[in-house]
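Engineer: Have a look at the structure that comes next, please.
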Amino acid sequence: MNRFSTVELVPAPASAKTSASPGPDNMSYKVLSQLGEKEKMGLLGIFRLLLGKLATQSNKRKYARIVAVVKPRKIPTFIESCSSISHLSCISKVVEKKVLHRLDGDLITRNAYLPQMSRFREERSSVDNGIALAKCINQIRTQANINMSSDQSTTRMLPREATVPIPSSSPVVVLRAGRASRKRTP
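Per UniProt numbering, the sequence shown starts with residue 1, numbered consecutively.
In structure tokens, the structure reads:
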């Protein structure tokens, strides 16, 4: 695996949850996202050091502080009434996200994922396909000069049948009188 660059490091802390609790090192995402250039280079050195140690100390990858939180309306003296929450270091979480992002990108370029796994990956879920479908429908409406105002007298319907290809695999959507139905292309 190639070394991490500062370009990869910059969006990582900013994209994380700012409300997440810090780990044993007390470094929160808020602190990590406000680092200067010199500090980011130091953090990059820590990432590289952590990745180097991962290869030699695989059983000591993660250390977490476990906190027992009592569930609502439960008796606090019973262990079953508690949920355990681990406070992993935010730096470790950022490293983990970067490694997983790199591995995912590598697996995508090698076509290692099955098509059935598409909804479990970022930007390949059924929600993303729905958004892509909505964009295609909006493009057709704009191309056909359809006025989408709320006034019924000026609103026109889509053509009797419009075929809208979905950018993912082979299914297309056929719109008939305002209803959508799926159909496979040959």
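Ideal placement from N, C-alpha and C gives every residue a C-beta, glycine not left out.
Source: prediction; values computed, not measured.
Do you know offhand how far ILE46's Cα is from GLY23's?
Structural biologist: For ILE46 and GLY23, the distance between alpha carbons rounds to 16 Å.
Engineer: For CYS82, which residues does DSSP report across the bridge?
Structural biologist: Paired residues: VAL70.
Engineer: Using a Cβ-Cβ cutoff of less than 8 Å, which residues in the same chain neighbour SER81 once the five nearest sequence positions on both sides are dropped?
Structural biologist: Within the same chain, SER81 has close Cβ partners VAL70, LYS71, LYS74, ILE75.
Engineer: Can you give me the Cβ contacts of SER28 inside the same chain, cut-off strictly under 7 Å, excluding the 5 residues immediately before and after it?
Structural biologist: Once the five neighbours on either side are set aside, the close Cβ partners of SER28 are PRO22, CYS90.
Engineer: Between which two residues does the alpha helix (DSSP H) containing TYR29 stretch?
Structural biologist: Element bounds for TYR29: 29-33.
Engineer: Here's the rule I'm using: 16 or more other beta-carbon atoms within 10 Å means buried, otherwise exposed. How should LYS135 be labelled?
Structural biologist: Classification for LYS135: exposed.
Engineer: So, is LEU32 buried or exposed, given that buried needs 16 or more other C-beta atoms within 10 angstroms?
Structural biologist: Classification of LEU32: buried, given that the 10 Å Cβ count is 16 or more.
Engineer: Quick one, which of ILE108, LEU88, VAL99 has its alpha-carbon nearest ASN26's?
Structural biologist: That would be LEU88, whose Cα lies nearest to the Cα of ASN26.
Engineer: Quick one: what's got a C-beta closer than 7 Å to ALA68's C-beta in the same chain, skipping five residues either side?
Structural biologist: Excluding positions up to five away in sequence, the list reads CYS82, SER84.
Engineer: By Cβ distance below 7 Å, which residues in the same chain neighbour LEU107 in space, the five residues on each side in sequence not counted?
Structural biologist: Counting only Cβ-Cβ distances below 7 Å, and skipping sequence neighbours, we find TYR113.
Engineer: What is the DSSP secondary structure of SER5, counted as helix, strand or coil?
Structural biologist: Coil, per DSSP.
Engineer: Quick one: using the 10 Å Cβ neighbour count with 16 as the cut-off for buried, is LYS93 buried or exposed?
Structural biologist: Label assigned to LYS93: buried.
Engineer: Among residues of its own chain, excluding the 5 on either side of LEU43, which ones have a beta-carbon nearer than 6 Å to its beta-carbon?
Structural biologist: So no residue of the chain qualifies.
Engineer: Quick check: VAL95 and LEU35, are their CB atoms within less than 8 Å of each other?
Structural biologist: No, the pair does not count as a contact, with Cβ atoms beyond the cut-off.
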